[in-house]
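K.L.:
Attaching a single structure in structure tokens format; questions to follow.
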Amino acid sequence: MTTFVEIHDVVVDELRAILGDDGVLTDKAARYNRTRVPAPFPVHRWAEYVPDLVVLPRTAEQVSEVVKLANRERIPLVPRAGGTGLNDGALPLKRGIVVDVKRMDQIKEVDLVDRTVTVGPGINMLKLNEELRRHGVMYPDDPASYPCSLVGGRIGTSGWSLIGGRYGHTRDLVISFQIVLPTGEIIEVGDGGGRKIRKSSTGFQLKHLFMGHQGTLGIVTEATLELVPRPETEFAAFFHYPSFAAAYESTGALAKSGLATLGGVVLFDEWKLRYLRRDDEAYIPRPDHVKAVVATAMYGTRDEVEPAARRLMRIGRESGGTYLGDEISSGDWASRHDRYATPLHGRLRTGEVVPMSWHCEDASINYSQLPAVMEEWHAIADRYVTRTGILDDWGMFFYTNAAHKPWGDYLVEIDIGIWEQRLSDENWPDWVACKREIAQVALDHGGSITACHGATREGDAELVPVEMGGGFDVMMKIKRVLDPNNIMNPGKYELDRAFGLDEKVFR
Ligand SMILES: Cc1cc2nc3c(=O)[nH]c(=O)nc-3n(C[C@H](O)[C@H](O)[C@H](O)COP(=O)(O)OP(=O)(O)OC[C@H]3O[C@@H](n4cnc5c(N)ncnc54)[C@H](O)[C@@H]3O)c2cc1C
Numbered sequence: 019m020t021t022f023v024e025i026h027d028v029v030v031d032e033l034r035a036i037l038g039d040d041g042v043l044t045d046k047a048a049r050y051n052r053t054r055v056p057a058p059f060p061v062h063r064w065a066e067y068v069p070d071l072v073v074l075p076r077t078a079e080q081v082s083e084v085v086k087l088a089n090r091e092r093i094p095l096v097p098r099a100g101g102t103g104l105n106d107g108a109l110p111l112k113r114g115i116v117v118d119v120k121r122m123d124q125i126k127e128v129d130l131v132d133r134t135v136t137v138g139p140g141i142n143m144l145k146l147n148e149e150l151r152r153h154g155v156m157y158p159d160d161p162a163s164y165p166c167s168l169v170g171g172r173i174g175t176s177g178w179s180l181i182g183g184r185y186g187h188t189r190d191l192v193i194s195f196q197i198v199l200p201t202g203e204i205i206e207v208g209d210g211g212g213r214k215i216r217k218s219s220t221g222f223q224l225k226h227l228f229m230g231h232q233g234t235l236g237i238v239t240e241a242t243l244e245l246v247p248r249p250e251t252e253f254a255a256f257f258h259y260p261s262f263a264a265a266y267e268s269t270g271a272l273a274k275s276g277l278a279t280l281g282g283v284v285l286f287d288e289w290k291l292r293y294l295r296r297d298d299e300a301y302i303p304r305p306d307h308v309k310a311v312v313a314t315a316m317y318g319t320r321d322e323v324e325p326a327a328r329r330l331m332r333i334g335r336e337s338g339g340t341y342l343g344d345e346i347s348s349g350d351w352a353s354r355h356d357r358y359a360t361p362l363h364g365r366l367r368t369g370e371v372v373p374m375s376w377h378c379e380d381a382s383i384n385y386s387q388l389p390a391v392m393e394e395w396h397a398i399a400d401r402y403v404t405r406t407g408i409l410d411d412w413g414m415f416f417y418t419n420a421a422h423k424p425w426g427d428y429l430v431e432i433d434i435g436i437w438e439q440r441l442s443d444e445n446w447p448d449w450v451a452c453k454r455e456i457a458q459v460a461l462d463h464g465g466s467i468t469a470c471h472g473a474t475r476e477g478d479a480e481l482v483p484v485e486m487g488g489g490f491d492v493m494m495k496i497k498r499v500l501d502p503n504n505i506m507n508p509g510k511y512e513l514d515r516a517f518g519l520d521e522k523v524f525r
């Protein structure tokens, strides 16, 4: 494949004029660093998806100029924030220019009166909350990738937060944002007009159109976010159970408690406990009779949380749970942002220590369907584990999924370990088929194939038109109108079909 840089030196000069010399990176290390994503990918194929250039803008105006230039020259553009997306959203499938927004990390305004903070898309939640702490407020978007994902990527994926039951998820917490459209115009989108307005009935709700678009409709350059009081206290309680069935009933009872301070409920299944016993040195092993664990956490004022915690403990025990103690409960919950190093040191079931890559397949599934989906997903995983010899089933989590009403549907995740160096052209189709079967089960049970990661890789992407039905035609029309030259993150979400292209770039 020829590279853009070799062909268009003049364009590189134009970019340097817009961004300055240090805002345009052409060297191999800078470009390869922006190819890395934490999703399994045959290592030998990385070279095919290296961007031709990386740009590091500082302002919306610079982004706009870059977009206009790319649109004129028909060069693919891919926004990249933290690069932690689990569905290859920021991977430049058709190469071109990666727009790395990390330098746009300013806190522009903290408004304690109307309770908002306005930031660039390149800041992460950890840094933002460090700054907000002294004002007694916080921005409560709390993914497991809290220290490494950035506000732009949270909007790009429409992220899910571990404490979303209490505070909401990214789409609930981002009040409005500024976005550069694929033709270079800079616009503001919200729930109507008004950068700090949370509810309006004017016009289309454009915020939601540009939430979770995976960089296919533009580049977010600023966002105005919700501030909440820093909670006076947090309370975490973990329970264990002799069976999945008992834990499932208890999860339902806890999630339906109606306690407003409840951040979320997380169910770990037996496969997950097996994996943690074997591979997570920080995990305090539970005895073999423990077949499932349920984690809960609450946030708020002491006046709210203390009585609610007593009630939560009662529900947990009365629904068959055994409390795991303060050390495990507080310790495990406190390490919720740190545990993902473990998958990088995985072992195969045989105990052999090999370089494993972690893949997380997520879906939204109604509570009533969880037991059936669990059985079917493990059966699929088991078949491919046996067939390929390079996969391992690392178990499932079930997290409450809705904001403020965390009882009806769940973010369901199955973690699969992949022996990275053995992933080859020969077994890649097996891996894709495994993913596709998992996603199909979600659809068969009335669910959605992804709760927060997006469906932009082979194995899920083909099912997007199936899940969206007639809505996919609307997606294609919107794409054609907003991005007539298909420059924004081409190859994602099957949107190339809007331009009569059905070339599979990702084999
Ligand atoms: C250890 C770990 C734990 C995780 N836990 C969670 C979790 O609890 N909840 C959750 O939701 N996710 C989780 N994820 C997935 C990931 O962190 C999220 O999807 C996150 O929102 C991605 O943010 P990012 O900044 O890394 O974005 P990137 O990966 O850089 O980008 C993600 C997508 O957004 C687009 N994008 C990036 N910046 C912009 C912009 N400025 N404008 C428009 N589009 C843009 C990209 O093109 C891409 O399509 C986890 C990932 C890891 C590695």
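If you want our numbering, it's the position in the sequence shown, counting the first as 1, plus 18.
Built from N, CA and C at the ideal position, the CB exists for glycine as well.
On a predicted model such as this, the values are computed, not experimentally measured, just so you know.
Report the residue from I496, Y185, S163 and L180 whose alpha carbon sits nearest the alpha carbon of M156.
P.N.:
As a first step, residue 156 is located in the sequence shown; it is residue number 138 there, counting from the start. Among I496, Y185, S163 and L180, the Cα nearest to that of M156 belongs to Y185.
K.L.:
Verify the contact flag: Q458, CB atom, against every heavy atom of ligand 1, threshold strictly below 8 Å.
P.N.:
For this step, residue 458 is matched to residue 440 along the sequence shown. It does not: the Cβ of Q458 is nowhere closer than 8 Å to a heavy atom of ligand 1.
K.L.:
What does a CB cutoff of less than 7 Å around M506 pick up in its chain, not counting 5 residues either side in sequence?
P.N.:
To locate residue 506, count along the sequence shown from 1; it is residue 488. Contacts found: L95, P200, G233, T234, L235 and G236.
K.L.:
Count the other C-beta atoms from every protein chain shown that fall within 10 angstroms of the C-beta of W64, then say buried if there are 16 or more, exposed otherwise.
P.N.:
Residue mapping note: residue 64 aligns to position 46 of the sequence shown, counting from 1. Classification for W64: exposed.
K.L.:
Using DSSP bridges, identify the partner residues of G282.
P.N.:
Within the sequence shown, numbered from 1, the residue matching residue 282 stands at position 264. DSSP lists A315 as partners of G282.
K.L.:
Could you check whether D129 and K145 sit closer than 9 Å to each other, using their CB atoms as the reference points?
P.N.:
Position 127 of the sequence shown, counted from the first residue, corresponds to residue 145. Position 111 of the sequence shown, counted from the first residue, corresponds to residue 129. In this structure, D129 does not lie closer than 9 Å to K145 by Cβ.
K.L.:
If you drop the 5 nearest sequence neighbours on each side, which residues of the same chain put their C-beta closer than 6 Å to that of T21?
P.N.:
In the sequence shown, counting from the first residue as 1, residue 21 sits at position 3. The pLDDT assigned to T21 is 46, lower than 50, so where the model puts this residue is not dependable; a value taken from the coordinates is nonetheless given after this. If we look at T21 and ignore the five residues flanking it on each side, its Cβ neighbours are D70.
K.L.:
Since R216 sits in a beta bridge, which residues does DSSP pair it with?
P.N.:
For the purposes of this step, residue 216 is taken as the residue at position 198 of the sequence shown. DSSP lists no partner for R216.
K.L.:
Run the proximity test for G171: is its beta-carbon closer than 8 Å to any non-hydrogen atom belonging to ligand 1?
P.N.:
Walking along the sequence shown from the start, residue 171 turns up at place 153. G171: yes, Cβ under 8 Å from ligand 1.
K.L.:
Write down every uninterrupted run of the beta strand (DSSP E) in the stretch 206–277 whose length is 3 residues or greater and which is fully enclosed by it, in chain order.
P.N.:
Taking only runs of at least 3 residues, the beta strand (DSSP E) segments lying wholly in the stretch 206–277 are 237–244 and 251–259.
K.L.:
With distances taken Cα to Cα, identify the nearest neighbour of M316 among G465, M414, T251 and A108.
P.N.:
Residue 316 sits at position 298 when you count from the first residue of the sequence shown. Nearest C-alpha to M316: T251.
K.L.:
According to DSSP, simplified to helix, strand and coil, what is R405?
P.N.:
For the purposes of this step, residue 405 is taken as the residue at position 387 of the sequence shown. Residue state, collapsed to three classes: helix.
K.L.:
Is W178 near ligand 1, going by C-beta to nearest heavy atom under 8 Å?
P.N.:
Residue 178 sits at position 160 when you count from the first residue of the sequence shown. Yes, since a heavy atom of ligand 1 falls inside the 8 Å radius drawn around the Cβ of W178.
K.L.:
Tell me the residue span of the alpha helix (DSSP H) that contains K453.
P.N.:
In the sequence shown, counting from the first residue as 1, residue 453 sits at position 435. Residues W446 to D462.
K.L.:
Under the criterion of a Cβ to heavy atom distance below 8 Å, does N503 qualify as lining ligand 1?
P.N.:
Taking the first residue of the sequence shown as 1, we reach residue 503 at position 485. No, ligand 1 has no heavy atom inside 8 Å of this Cβ.
K.L.:
Mind checking I25: buried by the 16 CB within 10 Å criterion, or exposed?
P.N.:
Within the sequence shown, numbered from 1, the residue matching residue 25 stands at position 7. Residue placement at I25 is flagged as unreliable, the pLDDT there being 44, under the threshold of 50; a coordinate-derived value is accordingly withheld.
K.L.:
Would you check if there are 3 or more beta carbon pairs closer than 8 Å linking the stretch 207–217 to the stretch 311–329?
P.N.:
Contact between the stretch 207–217 and the stretch 311–329 is absent, because fewer than three Cβ pairs lie under 8 Å.
K.L.:
Quick check on the DSSP output: the beta strand (DSSP E) that includes F517 runs from which residue to which?
P.N.:
Position 499 of the sequence shown, counted from the first residue, corresponds to residue 517. Premise fails: F517 is in no beta strand (DSSP E) and is neither H nor E.
K.L.:
Could you please give the first and the last residue of the uninterrupted alpha helix (DSSP H) stretch that includes V169?
P.N.:
On the sequence shown, residue 169 is found 151 positions in, with the first residue counted as 1. It spans V169 to T175 - the alpha helix (DSSP H) in which V169 sits, taken as one unbroken run.
K.L.:
Relative to the alpha-carbon of R98, which residue among V119, A88 and Y293 has its alpha-carbon at the smallest distance?
P.N.:
Your numbering for residue 98 matches position 80 in the sequence shown. Here the closest residue by C-alpha is V119.
K.L.:
With respect to 8 Å, is the separation between the Cβ of K510 and the closest non-hydrogen atom of ligand 2 below this value?
P.N.:
Only ligand 1 can be found as ligands here, which leaves ligand 2 out of the picture.
K.L.:
I want to check one thing, is the minimum distance from the CB of Q124 to the heavy atoms of ligand 1 below 8 Å?
P.N.:
Translated into positions along the sequence shown, residue 124 becomes position 106. Incorrect: Q124 has no Cβ contact closer than 8 Å to ligand 1.
K.L.:
Between which two residues does the beta strand (DSSP E) containing Q196 stretch?
P.N.:
To locate residue 196, count along the sequence shown from 1; it is residue 178. Per DSSP, Q196 belongs to the beta strand (DSSP E) from V192 to V198.
K.L.:
Grab me the residues of E455's own chain with a C-beta within less than 7 Å of its C-beta, minus the 5 sequence neighbours each way, in chain order.
P.N.:
Within the sequence shown, residue 455 is the residue found at index 437, counting from 1. Correct list, in chain order: I398.
K.L.:
Beta strand (DSSP E) containing P97: first to last residue?
P.N.:
As a position in the sequence shown, residue 97 is number 79, starting the count at 1. Counting along the chain, the beta strand (DSSP E) containing P97 begins and ends at L95 to R98.
K.L.:
Under the assumption that A326 contacts T269 (Cβ atoms under 8 Å), give the Cβ distance between them as a whole number of angstroms.
P.N.:
The residue labelled residue 326 in the question sits at position 308 within the sequence shown. The residue labelled residue 269 in the question sits at position 251 within the sequence shown. Not confirmed; about 17 Å, so no contact.
K.L.:
Could you pull out every residue in the same chain whose Cβ sits closer than 7 Å to the Cβ of T175, ignoring the five residues on either side in sequence?
P.N.:
As a first step, residue 175 must be located in the sequence shown, where it is residue number 157. Closer than 7 Å at Cβ, skipping near neighbours: G103, G107, G230, Q232, C470, H471 and G472.
K.L.:
State the start and end residues of the unbroken beta strand (DSSP E) segment that holds L71.
P.N.:
Translated into the one-based positions of the sequence shown, residue 71 becomes position 53. From DSSP, the beta strand (DSSP E) with L71 extends over L71 to V73.
K.L.:
Just mark F524 as buried or exposed, buried being the case when its beta carbon has 16 or more other beta carbons within 10 Å.
P.N.:
Position 506 of the sequence shown, counted from the first residue, corresponds to residue 524. Legend: pLDDT at F524 = 46, less than 50; position of this residue unreliable, no value from coordinates given.
K.L.:
Do L429 and A479 have their CB atoms nearer than 9 Å?
P.N.:
Position 411 of the sequence shown, counted from the first residue, corresponds to residue 429. Position 461 of the sequence shown, counted from the first residue, corresponds to residue 479. No, they are not a contact pair.
K.L.:
Does the Cβ-Cβ distance between S163 and A254 come in under 9 Å?
P.N.:
As a working note, residue 163 is residue 145 in the sequence shown. As a working note, residue 254 is residue 236 in the sequence shown. It is not a contact, given that the beta carbons lie outside the stated cut-off.
K.L.:
Excluding the 5 residues preceding and the 5 following P161 in the sequence, name in chain order all residues of the same chain whose CB lies nearer than 7 Å to its CB.
P.N.:
Position 143 of the sequence shown, counted from the first residue, corresponds to residue 161. Excluding residues within five positions, the ones whose Cβ falls inside 7 Å are S167, G177, W178, S179 and L180.
K.L.:
I'd like to confirm the pairing. Which residues does DSSP put opposite G435 in its beta bridges?
P.N.:
Numbered from its first residue, the sequence shown carries residue 435 at position 417. Partner(s): W376 and D410.
K.L.:
Measuring straight from C-alpha to C-alpha, what distance separates Y534 and L285?
P.N.:
For the chain, the structure presents residues 19 to 525; residue 534 sits outside this window and is missing.
K.L.:
Rounded to whole angstroms, what's the CA-CA distance from G41 to S466? Just pull it up for me.
P.N.:
For the purposes of this step, residue 41 is taken as the residue at position 23 of the sequence shown. For the purposes of this step, residue 466 is taken as the residue at position 448 of the sequence shown. For G41 and S466, the distance between alpha carbons rounds to 39 Å.
K.L.:
Does the beta carbon of I436 fall short of 8 Å from some heavy atom of ligand 1?
P.N.:
The residue you call residue 436 lines up with position 418 of the sequence shown. I436: no, Cβ never under 8 Å from ligand 1.
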